[in-house]
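Chains as they are written, first to last, in my numbering: chain A, 7 to 246; chain B, 7 to 246; chain C, 7 to 246; chain D, 7 to 246; chain E, 7 to 246; chain F, 7 to 246.
There are 6 protein chains.
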Amino acid sequence: MSYDAMVITAHPDDAEVQMGGTIAKLTARGLALLIVDLCSGEPADYAEPGVRAQQAQRAAKILGADRLILDGQDRLIQDTISLRLRLAQLIRDHQPRWVFGTAEACVHPDHAAVEPLVTAAVFYARLDNWDRVPGGEILATTEPWTIERLFFPHCKMEPAWGGSFNFAVDVSDTYERKKQALAEYRSIFEVDEGDQLLNLYEAEDIHMGRLFGVAYAEIFKAHSPLLVDDLTVFKPGLHG
Amino acid sequence: MSYDAMVITAHPDDAEVQMGGTIAKLTARGLALLIVDLCSGEPADYAEPGVRAQQAQRAAKILGADRLILDGQDRLIQDTISLRLRLAQLIRDHQPRWVFGTAEACVHPDHAAVEPLVTAAVFYARLDNWDRVPGGEILATTEPWTIERLFFPHCKMEPAWGGSFNFAVDVSDTYERKKQALAEYRSIFEVDEGDQLLNLYEAEDIHMGRLFGVAYAEIFKAHSPLLVDDLTVFKPGLHG
Amino acid sequence: MSYDAMVITAHPDDAEVQMGGTIAKLTARGLALLIVDLCSGEPADYAEPGVRAQQAQRAAKILGADRLILDGQDRLIQDTISLRLRLAQLIRDHQPRWVFGTAEACVHPDHAAVEPLVTAAVFYARLDNWDRVPGGEILATTEPWTIERLFFPHCKMEPAWGGSFNFAVDVSDTYERKKQALAEYRSIFEVDEGDQLLNLYEAEDIHMGRLFGVAYAEIFKAHSPLLVDDLTVFKPGLHG
Amino acid sequence: MSYDAMVITAHPDDAEVQMGGTIAKLTARGLALLIVDLCSGEPADYAEPGVRAQQAQRAAKILGADRLILDGQDRLIQDTISLRLRLAQLIRDHQPRWVFGTAEACVHPDHAAVEPLVTAAVFYARLDNWDRVPGGEILATTEPWTIERLFFPHCKMEPAWGGSFNFAVDVSDTYERKKQALAEYRSIFEVDEGDQLLNLYEAEDIHMGRLFGVAYAEIFKAHSPLLVDDLTVFKPGLHG
Amino acid sequence: MSYDAMVITAHPDDAEVQMGGTIAKLTARGLALLIVDLCSGEPADYAEPGVRAQQAQRAAKILGADRLILDGQDRLIQDTISLRLRLAQLIRDHQPRWVFGTAEACVHPDHAAVEPLVTAAVFYARLDNWDRVPGGEILATTEPWTIERLFFPHCKMEPAWGGSFNFAVDVSDTYERKKQALAEYRSIFEVDEGDQLLNLYEAEDIHMGRLFGVAYAEIFKAHSPLLVDDLTVFKPGLHG
Amino acid sequence: MSYDAMVITAHPDDAEVQMGGTIAKLTARGLALLIVDLCSGEPADYAEPGVRAQQAQRAAKILGADRLILDGQDRLIQDTISLRLRLAQLIRDHQPRWVFGTAEACVHPDHAAVEPLVTAAVFYARLDNWDRVPGGEILATTEPWTIERLFFPHCKMEPAWGGSFNFAVDVSDTYERKKQALAEYRSIFEVDEGDQLLNLYEAEDIHMGRLFGVAYAEIFKAHSPLLVDDLTVFKPGLHG
């Protein structure tokens, strides 16, 4: 099946935390979207084995997206050739115009591995002749695919201290659904630290939104510059 | 008269060099646009006094924009309170949604003065009670006006060395008109150095365009971050 | 009279918005603190002439600080030699160990003028022989004074987009007093935009606080690096 | 045994070179400190096998710290899952409040591997349920441990060219002990290049110190911002 | 055989694209230069197996350089200990004063691997006692070698967006030979995308050249700062 | 008289402190060099009026340079049109190929004014038709002059904290003369703070030198990138 966009993150709940409002916005306008988690997020605190995957499927449904959970090992995600190839295969299979992956600057090593992985996978997906590359056979039977844009949402576990972003998306109108989706992961977040994390995540979305005079915004980076046909698409700034 | 956008630069030909393709694009979709030059660009090499203003009017017409030439002195443009107030008055008079002014990092001191001037003018334009501020009377009879966005095109006289930009506009389809507009300033550019300058300007537009696989692009900075409702407005990158 | 610290900002309410929690914290431990506003903040929306100065004095009292309002003109604050000298005189008169002034990167031209002004004033304050400098006589009868550190709070009107800060102060325990002080300026903030501004300011303090697992934090820049005797003074980070 | 701080660097002498003065300062105030070298630093020029480990133990004693030398291979240190887990185990065993590791930007590949290794180890140390992660068993019998802060001293082999640091520690009063500790590694440094290296290291400490008007200072980076309760802990700058 | 300089890049044609003009310039003044490709660049579009290696040898000859093609696998180049050691061995064998390798910031994962690989290889090459390091035996029979400078040409596949460079080389007088060398790779570039790529590469060289008023320039980064005996070696800037 | 290079700084001793070794190096190879001080540096501590000018002339002689002291007012140097024009006139009169001026990032407001002043003066010097610009008459009788390069030495009063430089000059062989020149200003530096300042300045030169394995180096910035014909002019780095 073909999707308009793919969101590739390390664990179930990453896609929701980092860009849940944007996902809901894209699906609300009719785009088909696939969330790919590199692992099941197990072992998780406060959840029996297998529960998190069920939570994740319900959360995806709330956001209007499909979800695929790969069999990576939580905490041990690394940028390997075989995982690059697997992701390239998924990109070819689903032919998305947009791909998203957690931005690299993050204290969690699983999160930090996503940006180089997805960058390589997008690059591999458009190359030909994989039958002549060791291990590349998994790509040999599919057609090359070139995506339009690759964007990186903020991991939110860390300050954007000394950092920056390239654009924000106004998610005021879909934020309620983001919160509903996150609520599915209730067992992960139900203790003290969980509340603290949810507060942290929401504090960033509120702060970014207020910078534009809107309620909530999610931020993104890009490797290559932004090109537009029409600069009137940018929404008003708080002070121009 | 009200305009959708105002482009404020130091000299006639700056608007054309820095964002002529973008201007043509905006007017082509029916937006009303006013170019404001802070001075006449006199004394200019290779042109009799007064000629440059006529060239500028013809160039603006080619781009589909109106043009106003203020009586500043070429080479001596500075960020003064009175010029801020004069520009704020123009902004109130013409009620633009978008304002543009040359980005500050430039070897030409006239260009470097534009960004602080325009930034302050946009801020002044939205404040009330100017009758109670010395010199502010020129704003007292007009209504406060809040623009939507303020963007800064690149001065192009200098490398973007160590610098960056926030977005580019694909101007492939209006570049021919940009070149026609620049051709009006033929007496300025007709000698050796002129050719060198035109080549320099065009080399940047080509280089920026090729980074996206399009023919020509013009680049812009912004003080505050970019907010969009829909990130699918960004055009494809060369490699995602 | 001598003060331990001076906070120099453009308008009444700037000190409160930018570092009200830090001020309350310093005075709570017995330090004497003087707030210097470069102008009265008039004309202000929604307040009769003279009212804002009274609000400011009440707000300072809540924070435990004294306040001096200079006779600059709101909106027209600039970095001039005479204002540098006036501030240097105040620094000599009050012999503070710490001086604070709004960080330069701000859309409001009054705010942007504070950092160069205060930087020069601190430098002037420690030089000798002002009787031999035109205009310097106002410093000639006072003794040179060298402060310990100069810090710059964030103006908060703009995103810290692409920017950074050097340290934050945990103001969780004094934030209630900050809010009480800001409430004094009720006539300024009582309309829609006012609420929006207060929300914006508070959103930054919350967001910065959550990055450390505390309720509220205020951020600061410094020109020269931070030197400590004992690095155990740094409080825990959220992730180390 | 529990330690207040752990310093994790690649080779014996790294801890001394990079932050010997800070180590001596921390132990002088009664803190217990463990230096962990990832390898023995063999083969070293100008020292018989095994000699360097003895030098390292004497140097640690001079600084008042304990020392543990792991069995990594000099020159081949890399960021691997198993080494992350081993370091996480050490962190759990010794429950430090502060952890230090060489900053990544360094020409020596062993040094460059320390920052990602230590960052991941600190993160692993606080997670639970390692019995359910392949290879994680070595953490399964120990309790999760959350440190307070993670700091990165400068490798000193390279210029801080284009770089920066987050704070410096005044080590004027313990510098003599740093030099005594380094003198233990006499066989490594006794030839021409050695002198050159020691001069290079000391030149940075002197230069950094002079920027504050003190004799010697050591510099540190941090991933996440600095939070203080009391900004009066910062020592005077040379010019405020 | 000994060479004055070695250029280490991932694929045949990288050296030409990234710094072909500089190579021709160095060989024109009599320096001996070796290009080392980490792999054959196979599978390549539009070329039979083995053809690209022949093209590469002809291109090197046009530039006056020798060429060695290693047996790495296109698309799968990574920073491994064994490849570091192999490159260190080549550096020792050929004793270059200057080494070049593609700068890391590049969308192609093969290109991104070159900078850490070459940095480590240069470092390994100057160390002694490799017989006592596992796998280091391949260096044990050669003499340590210390190069003078390591520089990194731009990969050219990506914008220099937000980036910078340390110096440029005026290649106007050898650019014709660069184009001849690139023409050898005709089968790679003969389709649409090829033209697009060649245009992209040339657009950067033109743009960089025009910034100085010369026809073409190639840009380079360096890890450590530039030291000169005589700053009059820098050529004129367009505006000083 | 025509000079090969002009060094424009605020006060007598600035040229010596910031680039005395480079000046001595340029004059040693036969280049004619003019130092221009924007003011006499009066009132100075510890020197009778007029003494500093004499010291300055002797110091210039030691460095092999001529010196011109303008009549600006110490502490009150600002970027004004009239001073720009005066400096442009000097540049035209002396037709230097290289111009130097203190880099802007400095705590001393006089130093901070030099970079914009010199940048504008260099730009003014090459423009024609000054008889048609108010105040420009002082340039009307001289011929336009275009310099080759404009470089900015470091003010040295502040850390290069968070900053960077573009190249360094090895001044090991002329450093003795730099120290002799500085010794002429003995009355300024003879007290405690003076020693501290001289130590600070020298500490930077030593530190920068040691980064390359040489005794002393002075650092410079440039507005526009460095272009070379021959990259073999760069001296060895400590680690390549």
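Ideal Cβ positions, reconstructed from N, Cα and C, are used throughout, including at glycine. Quick caveat, the model's predicted, so the values are computed rather than measured.
Asked                                                                                                                                                                    : Found
Give the straight-line distance between the Cα atoms of Ala53 of chain B and Asn135 of chain F, rounded to the nearest whole angstrom.                                   : 11 angstroms
Classify Thr147 of chain A as buried or exposed, calling it buried when 16 or more other Cβ atoms lie within 10 Å of its own Cβ.                                         : exposed
Where does Gly168 of chain E fall in DSSP's three states?                                                                                                                : Confidence at Gly168 of chain E is low in this model, with a pLDDT of 44, below 50, so its placement is unreliable and the value that follows should be read with caution. Coil.
Is there at least one Cβ from chain E nearer than 8 angstroms to Trp167 of chain B's Cβ?                                                                                 : With a pLDDT of only 47 at Trp167 of chain B, under 50, the local geometry of the prediction cannot be trusted, and the value read off the model is given with reservation. It does; some Cβ of chain E falls within 8 angstroms.
Count the CB pairs spanning the segment 9-22 of chain F and the segment 185-192 of chain E that are closer than 8 angstroms, and state whether there are at least three. : no
For His17 of chain B, return the contacting residues in chain F, with the cut-off set at a CB-CB distance below 7 angstroms.                                             : Near His17 of chain B there are no residues of chain F at all, since even the closest Cβ is about 12 angstroms away, more than 7 angstroms.
Quick one: grab the DSSP three-state call for Pro150 of chain F.                                                                                                         : coil
Anything in chain A within Cβ reach of Phe218 of chain B, meaning under 7 angstroms, just list it in chain order.                                                        : Leu233
Work out the CA separation of Ile68 of chain A and Phe173 of chain C for me, nearest whole Å.                                                                            : 40 angstroms
Output, in sequence order along the chain, the residues in the segment 110-131 of chain E whose CB is closer than 7 angstroms to any CB in chain B.                      : Val113
When you compare the CB of Pro150 of chain B with every CB in chain A, is at least one pair closer than 8 angstroms?                                                     : no
Counting C-beta neighbours from all protein chains within 10 Å, is the total for Gln60 of chain B 16 or more, i.e. buried, or is it exposed?                             : exposed
Helix, strand or coil, according to DSSP, for Pro115 of chain A in the structure here?                                                                                   : helix
Is the CB-CB distance between Leu244 of chain D and Ser230 of chain C below 8 angstroms?                                                                                 : yes
Is the segment 224-239 of chain C touching the segment 119-134 of chain D in the sense that three or more CB pairs, one from each, lie closer than 8 angstroms?          : no
With 8 angstroms as the C-beta to C-beta threshold (strictly closer), list the residues of the segment 82-96 of chain C near chain F in chain order.                     : Ile87 and Arg90
With Gly26 of chain B as the anchor, note down where its alpha helix (DSSP H) starts and where it stops.                                                                 : Asp20 to Ala34
I'd like the span of the alpha helix (DSSP H) that includes Arg73 of chain B, first residue to last.                                                                     : Note, Arg73 of chain B: premise wrong, no alpha helix (DSSP H); beta strand (DSSP E) at Asp72 to Gly78.
Does Ser230 of chain B have its Cβ less than 8 angstroms from a Cβ in chain A?                                                                                           : yes
Would you decide whether Arg35 of chain F is buried or exposed? Buried here means 16 or more other CB atoms lie within 10 Å of its CB.                                   : exposed
Quick check: the segment 25-34 of chain B against the segment 68-80 of chain B, are there 3 or more CB pairs under 8 angstroms?                                          : yes
I'd like to check one pair, Arg64 of chain F with Glu48 of chain F: are the Cβ atoms closer than 8 angstroms?                                                            : no
Tell me, please, which residues DSSP counts as bridged to Val13 of chain D.                                                                                              : D:Ile41 and D:Phe106
For Phe218 of chain D versus Leu233 of chain C, is the C-beta spacing smaller than 8 angstroms?                                                                          : yes
Have a look at Pro55 of chain F and Gly142 of chain C and give me their C-alpha separation to the nearest angstrom.                                                      : 17 angstroms
Quick one: measure Cβ to Cβ for Lys162 of chain C and Leu204 of chain C, integer angstroms, because I've assumed they're closer than 8 angstroms.                        : The Cβ separation is near 10 angstroms, so there is no contact.
Would you kindly check if the distance between the Cβ of Ala223 of chain B and the Cβ of Phe158 of chain B is under 8 angstroms?                                         : no
Going along chain A in order, which residues have a C-beta closer than 9 angstroms to the C-beta of His213 of chain B?                                                   : Chain A residues near His213 of chain B: none, gap ~12 angstroms exceeds 9 angstroms.
May I have the straight-line CA-CA distance separating Leu133 of chain B from Gln95 of chain C, to the nearest angstrom?                                                 : 32 angstroms
Which residue wins for smallest C-alpha separation from Val23 of chain A, given the options A:Ala62, A:Glu149, A:Arg103 and A:Leu91?                                     : A:Ala62
Can you name the residues of chain E whose CB is closer than 7 angstroms to the CB of Pro140 of chain A?                                                                 : Gln79
I'd like to check one pair, Lys184 of chain D with Val177 of chain D: are the Cβ atoms closer than 8 angstroms?                                                          : yes
Mind checking whether Val128 of chain E and Ile153 of chain E have CB atoms under 8 angstroms apart?                                                                     : yes
Helix, strand or coil, according to DSSP, for Ile212 of chain D in the structure here?                                                                                   : helix
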